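Working notes, structure below.
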Amino acid sequence: MKIKQIFTAIALTLCILSAAVVFTLNFRPLYYMDIHYFNLPEKTGYPEEEIRENYDSLIDYNSVFYQGSLEFPTLTMSEEGRIHFVEVKRIFVFIQAVLLPLSLIGSILGILNQKKQKPVYLRLTSVLTLALPAVLGALIAMNWDQFFILFHKLFFNNDYWIFDADTDPIILLLPDGFFMHCALMILALTTIASILCLVIYRKLSRRPEIYSDRHQ
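Following the UniProt record's numbering, the numbering of the sequence shown begins with 1 at its first residue and continues without gaps.
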């Protein structure tokens, strides 16, 4: 397998993972459904419209295009909470910022590879993309709470993510189960992408008129 094929597979894998995260972040219907699934209005005392409004402000804030500080329409926020959301935004902005370059690099390398040889990079992309869901899925299945804690310890160097509902009531609107649903959506999207890459690879590899023996 040529180095170019490997680089292409890595670029596409990172692109798929980034796209899955960005899509899930902006897929607000998932949260809207969880408002009812977790009975948030009843448990928190906030009406559904107010819950949506505060959640939407948080998602808007995490957009790479948003300029300004985070302000919840009806909720208070501690300084520690504000710092944590700034740190979260940095992660999401980084992921969103690298998505376009990765897409371009992966597409260009894919086209260049496909013109000369079988698209082995698609098979490798399928394997790499499926590996992460397999590992993370196993960790989540074993113990979601421990996985959630480990995730925060890896990405944050403080304990500001441990919110006090009295000073940061937004935490009441963000149950752990919602984050698990987000993780499952990311895993589902990457798994679908992995399967598609494998299907496309097999279809393209069966076209002898394009890939002769000397190109394999």
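Glycine included, each C-beta is placed from N, C-alpha and C at the ideal position. Just so it is clear, the structure is predicted and the values come from calculations on it, not from any experiment.
Which of helix, strand or coil DSSP assigns to residue i
| i | result |
| --- | --- |
| residue 70 | coil |
| residue 206 | coil |
| residue 215 | Any reading at residue 215 needs caution, since the residue's pLDDT is 46, under 50, leaving its predicted position unreliable; the model's value is listed next. Correct three-state label for residue 215: helix. |
| residue 65 | coil |
| residue 174 | coil |
| residue 33 | helix |
| residue 76 | coil |
| residue 45 | coil |
| residue 119 | coil |
| residue 4 | helix |
| residue 39 | coil |
Between the CA atoms of residue j and residue i - distance to the nearest angstrom
| i | j | result |
| --- | --- | --- |
| residue 186 | residue 167 | 30 Å |
| residue 169 | residue 162 | 12 Å |
| residue 179 | residue 59 | 14 Å |
| residue 171 | residue 118 | 50 Å |
| residue 160 | residue 127 | 36 Å |
| residue 74 | residue 183 | 28 Å |
| residue 11 | residue 153 | 27 Å |
| residue 47 | residue 72 | 15 Å |
| residue 42 | residue 51 | 11 Å |
| residue 69 | residue 45 | 26 Å |
| residue 149 | residue 90 | 19 Å |
| residue 30 | residue 181 | 8 Å |
| residue 199 | residue 190 | 14 Å |
| residue 215 | residue 205 | Residue confidence for residue 215 is low, a pLDDT of 46 falling below 50, so the modelled location carries little weight; the figure read from the coordinates is stated next. Going from the Cα of residue 215 to the Cα of residue 205 covers about 11 Å. |
| residue 106 | residue 27 | 24 Å |
| residue 164 | residue 18 | 31 Å |
| residue 125 | residue 202 | 13 Å |
| residue 99 | residue 40 | 33 Å |
Which listed residue (the options) has its alpha carbon closest to that of residue i
| i | options | result |
| --- | --- | --- |
| residue 155 | 104, 86, 124 and 20 | 86 |
| residue 25 | 121, 92, 120 and 164 | 92 |
| residue 103 | 20, 79 and 202 | 20 |
| residue 38 | 183, 202, 175 and 204 | 175 |
| residue 65 | 122, 96, 133 and 124 | 96 |
| residue 13 | 30, 192 and 76 | 192 |
| residue 94 | 80, 30, 83 and 63 | 63 |
| residue 6 | 157, 122, 190 and 49 | 122 |
| residue 55 | 125, 88 and 173 | 173 |
| residue 61 | 136, 8 and 88 | 88 |
| residue 83 | 158, 23 and 135 | 158 |
| residue 129 | 81, 137, 16 and 136 | 16 |
| residue 9 | 188, 133, 108 and 139 | 108 |
C-beta neighbour in chain C for residue i, strict 7 Å
| i | result |
| --- | --- |
| residue 71 | Absence of chain C from the displayed structure is noted, only one protein chain being present. |
Contact test: residue i Cβ vs the ligand ZN heavy atom, cutoff 6 Å
| i | result |
| --- | --- |
| residue 78 | This structure simply doesn't include the ligand ZN, nor any ligand for that matter. |
Exercise. For the 8 Å Cβ check, are there 3 or more pairs between the segment 136-151 and the segment 31-42?
Worked result: No, because fewer than three Cβ pairs between the segment 136-151 and the segment 31-42 fall closer than 8 Å, the two stretches do not touch.
For this session: Could you name each continuous beta strand (DSSP E) segment of 3 residues or more that falls completely within the segment 120-172, going from the start of the chain to the end?
Result: Listed in chain order, nothing qualifies, since the segment 120-172 has no complete beta strand (DSSP E) run of 3 or more residues.
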